[in-house]
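Notes follow once the structure below has been shown.
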Amino acid sequence: MTDDAEQDPADWLRRQPGQVREWIRQNNVIYGGMIAVALVLVQPFLTVAPLEPLELACVIAFAFAIPLLAALVMINQQETFRGRLASSKTVNVARALAMLASGTGIVTAFWNMSSIAGIVVLGSMVLAVAVHSSGYTRLEWPVLRRFGQRSAKQAEAAESAEQRERPSAG
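Everything in the sequence shown is counted per the UniProt record's numbering, starting at 1 for the first residue and increasing by one.
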């Protein structure tokens, strides 16, 4: 087992009590919410034929996103059962693609109603990511900073101990 000085801050954060459980809970809310939004926004297009280009883009984006989101919900249930996050690159790529496709579907649905609405929802999504990042950083940064300070002190202490143990060359 490595000491804190050798750990990556992300690994250290992942090991904090309740942190993984909270990430899993948040992911579950996000995936379920995106599926619900997708179903609501796609519903009007199911009875329209042929689709306008923006309507078609919306339907295609959600057609791509919904199965990925459903798979992520199922993985999330397994993560809940095991109490740990999936560490697969495939899962990480699926998460990113599902969010991108969902965002694309939302923007195109609103843009189809009004270009102003599309611009507003796109700007709002960017702002929401910035707000979430800022809030998360403000909450977690002090914890990570303390980790970094403690790791630096431990590294200095280990280096000092090594220097004391080395025979003096002289």
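Don't be surprised by glycine CBs; every beta carbon is placed ideally from N, CA and C. In this text, all values refer to a predicted model and were calculated from it rather than measured experimentally.
- About 19 Å separates the beta carbon of alanine 65 from that of methionine 113, a gap too long to meet the 8 Å contact definition.
- Contact between the stretch 29-43 and the stretch 68-80 is established, with three or more Cβ pairs separated by less than 8 Å.
- Excluding residues up to 5 positions away in sequence, Cys58, Phe62, Gly105, Ile106 and Ala109 lie with their Cβ nearer than 8 Å to the Cβ of leucine 41 in the same chain.
- Within the stretch 97-127, no run of alpha helix (DSSP H) at least 4 residues long lies entirely inside it.
- Between leucine 85 and tryptophan 23, the beta carbon gap of about 6 Å places them in contact (Cβ cut-off 8 Å).
- Approximately 7 Å separates the beta-carbon atoms of glycine 83 and arginine 21; this is inside 8 Å, confirming the contact.
- Valine 91 has its alpha-carbon roughly 31 Å from the corresponding atom of proline 44.
- Sequence-distant partners of methionine 125 (beyond 5 residues in either direction) whose C-beta falls short of 8 Å from its own C-beta, in its chain, are Gly103, Ile106 and Val107.
- Apart from sequence neighbours up to five positions away, the residues of its chain that approach alanine 38 with a beta-carbon distance below 7 Å are Phe62, Ala65, Ile66, Ser102 and Gly105, ordered along the chain.
- Around leucine 51, the same chain offers Phe45 and Val59 as residues with beta carbons nearer than 8 Å, after the five sequence neighbours per side are excluded.
- By the neighbour-count definition (other C-beta atoms within 10 Å, threshold 16), isoleucine 119 is an exposed residue.
- The beta-carbon separation of leucine 54 and tryptophan 111, rounded to 6 Å, stays under the 8 Å limit for a contact.
- In the structure shown, proline 53 falls within a helical segment according to DSSP collapsed to helix, strand and coil.
- Around the C-beta of isoleucine 116, fewer than 16 other C-beta atoms lie within 10 Å, and the residue is accordingly described as exposed.
- In terms of Cα proximity to glutamine 78, the closest of Gln19, Thr47, Ser160 and Arg25 is Arg25.
- The continuous alpha helix (DSSP H) containing leucine 39 extends over residues 19-42.
- Methionine 99 and leucine 122 have their C-alpha atoms spaced approximately 13 Å apart.
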